[in-house]
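Asks: Please read through the structure below; I'll follow up with questions.
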Amino acid sequence: MAGTGEQQARDVDEHLRRALALVAPLPVRVVPVADALGAVVAEDVHAAVPVPPFDGAAMDGYAVRLADLPPDGAPVTLPVAGDVAAGPGRTPALAPGHAVRIMTGAPLPAGADAVVPVEHTSTGRFVAGAPRTEEAVTLARRPRTHVRAAGEDVGRGDLLARPGTVVTPALVGALVASGAVDVPVRRRPVVAVISTGAELVPAGTTLGPGQITDSNGPMLAAAATAAGADVVRLGPVPDDPAALRAALDAAVDPAEDPAATGAGRSGAGTAGARPGGVDLVVTAGGVSAGAADVVRELLAAAPPGLTDPDVAAVALSPGRPQALARWRGVPWLALPGNPVGAYASFALFARPAIDRLRGALPQTCLPVPTPSTPSDAPGRTSLPAAAVLPGSPGRLLVVPVRLAPLPGAGHDTGPGTVGVAPAGSRHSLSALATADGLALVPPGVEKVRVGDLLEVLVLR
């Protein structure tokens, strides 16, 4: 196992690379588009039909031939030859020198190449439900076309989504409109979250001497759900290697009794979960160098089922103690027990691992640029510091931050006046709860001055 001395602190980007090396994209399955929300597209998806599928009216008005309108825009009166409404039905052709009353979304009659909005005619407006009574209409001015051409939005065969695209509500609409019924996506990953610590008790338990409520378990389970995973929660597990082994076995093997470890499942369902149980294990706590750190003790004992143990001190604050391994072949990320350190570690290591399982582009892309170099990494933004922030020589410093006006900036001073300032103590869970993001101060930066650009991992 890797050493943990100060001189051997591992770079954050190196630890991320090792974490991502443990996981691989999950198998592809084809699901109805309506059931694909939040899933990640696994193959190129092309439009089966154009959108719109026909030339149609973009306004209520009259379909005309531009050739029948005076080139100088002078008013002209044309006989009205019929009606076309949106929906199924026969669409009459437009004879030269005539107009056809047409509604928004209706197919354009053959021969027509423009629509004059009703507001620009002698009719003035249409009355809902009223039949057409006008025999002719005077067009007040030469129109723009007001026609949506077939394929104007999406052409037949156009690429709608690439592999790695997350299915959003808007993409659901675009896929269905373009003729898709099913879509190939990666299976939703199942993640086990195990909190450890003899002092921890489940939420709602009356606290005894020396006890605290387990916040890491629910917090990380919620983070995994927000990242697109189904979640199996186990624990809290006491500082006992046998109890931890039982929890790990319950996570990776459905034949084990999860009730013995307080397991529960959350998320959007577990349909399609892999036969062997979960796809990733995330533990919180017990990975430091204390006498009762159960994760570290189990990793050092190298019991059957454990492979690839990798304990490291990572150049991260908070979140220095970390470990990686496999338990019975399932990737295992061991995060520290400090709540802010656990959350920061989840954002930097576990979230990207879940993204890779889902087939998405990992939201955390390291190494972190310098304060003067913006980043285009997904899930990040570059914002100026609105207050002085500390640095941490030799470590990536993670600071919960909130949006704040830059000093001297008023409400109407234009863009670029909003920055970030500490949300409170960087070790405080309450500060994390009110934060808009996590500012990443690169190693070697002694102090961040007002106006310096900061990489911010967006939380909301």
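Start counting the sequence shown at 1063; every next residue gets the next number (our numbering).
For each residue, glycine too, the CB sits at the ideal point set by N, CA and C.
#1: Can the beta-carbon of GLY1100 be found closer than 8 Å to that of VAL1255?
#2: Quick one: grab the DSSP three-state call for HIS1108.
#3: Should VAL1074 and LEU1451 be called a contact, given that it needs their Cβ atoms to be closer than 8 Å?
#4: Closest to LEU1128 by C-alpha separation, out of ASP1106, GLY1159 and GLU1105, would be which residue?
#5: Can you grab the Cα-Cα spacing for the pair ALA1374 / THR1268, in whole Å?
#6: With a Cβ-Cβ cutoff of 8 Å, do LEU1310 and ALA1081 count as a contact?
#7: Hey, could you find the ends of the beta strand (DSSP E) GLU1517 is sitting in?
#8: How would you write the range of the alpha helix (DSSP H) that ALA1479 sits in, first residue to last?
#9: Counting beta carbon pairs with one atom in the stretch 1285–1296 and one in the stretch 1246–1265, are three or more of them shorter than 8 Å?
#10: Give the C-beta separation of LEU1378 and ARG1457 to the nearest angstrom, bearing in mind that I take them to be a contact with Cβ-Cβ under 8 Å.
#11: Within a Cβ cutoff of 6 Å, which residues of the same chain sit near LEU1419, ignoring the five residues on either side of it in sequence?
#12: For PRO1170 versus VAL1216, is the C-beta distance shorter than 8 Å?
#13: For ALA1174 and ARG1206, I'd like the C-alpha separation in whole angstroms.
#14: Whose CA, out of LEU1222, PRO1141 and ARG1218, lies closest to the CA of THR1185?
#15: For ALA1363, I'd like the list of residues in its chain whose CB is within less than 8 Å of its CB, leaving aside the five on either flank, ordered along the chain.
#16: Which residue marks the beginning of the beta strand (DSSP E) containing ARG1464, and which one marks its end?
#17: Using only the alpha-carbon positions, how far apart do PRO1505 and VAL1243 sit?
#18: Got a sec, what are the start and stop residues for the alpha helix (DSSP H) SER1490 sits in?
#19: What does the Cβ neighbour count give for GLU1517, buried or exposed, with the cut at 16 atoms within 10 Å?
#20: So, is ASP1474 buried or exposed, given that buried needs 16 or more other C-beta atoms within 10 angstroms?
#21: Can you tell me whether ASP1370 sits near the ligand MN, meaning its C-beta is under 7 Å from at least one heavy atom of the ligand?
#22: Do the stretch 1256–1275 and the stretch 1222–1238 touch if we need at least three Cβ pairs shorter than 8 Å?
#23: Name, in chain order, the residues that DSSP records as bridge partners for ARG1163.
#24: State buried or exposed for ARG1224, treating a residue as buried only when at least 16 other CB atoms are found within 10 Å of its CB.
#25: Could you pull the start and end residues of the alpha helix (DSSP H) that PRO1280 belongs to?
#26: I'd like to know whether the C-beta atoms of ALA1285 and PHE1408 end up nearer to each other than 8 Å.
#27: By the three-class DSSP mapping on this structure, what secondary structure does PRO1246 have?
#28: For ARG1336, I'd like the list of residues in its chain whose CB is within less than 6 Å of its CB, leaving aside the five on either flank, ordered along the chain.
#29: Any idea if THR1139 is buried or exposed, counting beta-carbon neighbours within 10 angstroms, 16 or more meaning buried?
#30: Might you give, ordered along the chain, the residues of its own chain that have their beta carbon closer than 6 Å to the beta carbon of ALA1447, omitting 5 neighbours on each side?
#31: Please list the segments of the beta strand (DSSP E) lying wholly inside the stretch 1176–1231, counting only runs of 3 or more residues, in order along the chain.
#32: Can you tell me where the alpha helix (DSSP H) holding GLY1403 begins and where it ends?
#33: How long is the line joining the alpha carbons of ARG1382 and THR1369, rounded to whole angstroms?
#34: Exposed or buried, what is VAL1092 when buried is set at 16 or more other beta-carbons lying within 10 Å of its beta-carbon?
#35: Taking 8 Å as the threshold (C-beta atoms), are GLY1297 and ALA1313 in contact?
#36: Does the Cβ of THR1153 have 16 or more other Cβ atoms within 10 Å, making it buried, or fewer, making it exposed?
Replies: Walking through what the data contain:
#1: no
#2: strand
#3: no
#4: GLY1159
#5: 36 Å
#6: no
#7: 1515–1520
#8: Checking the displayed sequence, the identity of residue 1479 turns out to be Thr instead of Ala. Premise fails: THR1479 is in no alpha helix (DSSP H) and is neither H nor E.
#9: yes
#10: 6 Å
#11: VAL1085, LEU1088, PRO1251 and ASP1341
#12: The sequence shown places Leu at residue 1170, rather than the Pro named in the question. No, the pair does not count as a contact, with Cβ atoms beyond the cut-off.
#13: 13 Å
#14: PRO1141
#15: PRO1303
#16: 1458–1467
#17: 49 Å
#18: Looking at the DSSP string, SER1490 is not in any alpha helix (DSSP H), and its letter there is neither H nor E.
#19: buried
#20: Caution is warranted here: a pLDDT of 48 is assigned to ASP1474, below 50, making its placement in the model unreliable, and the coordinate value is therefore given only provisionally. Per the 10 Å Cβ criterion, exposed.
#21: Ligands in the displayed structure: none, and consequently the ligand MN is not present.
#22: no
#23: TYR1124 and ASP1145
#24: exposed
#25: 1278–1288
#26: yes
#27: strand
#28: Bear in mind that a pLDDT of 40 at ARG1336, under 50, signals an unreliable position, so the number given afterwards is only what the model happens to contain. Contacts found: none.
#29: exposed
#30: GLY1481, VAL1510, VAL1512, ASP1514 and LEU1516
#31: 1176–1179, 1198–1201 and 1221–1223
#32: 1401–1407
#33: 22 Å
#34: exposed
#35: no
#36: buried
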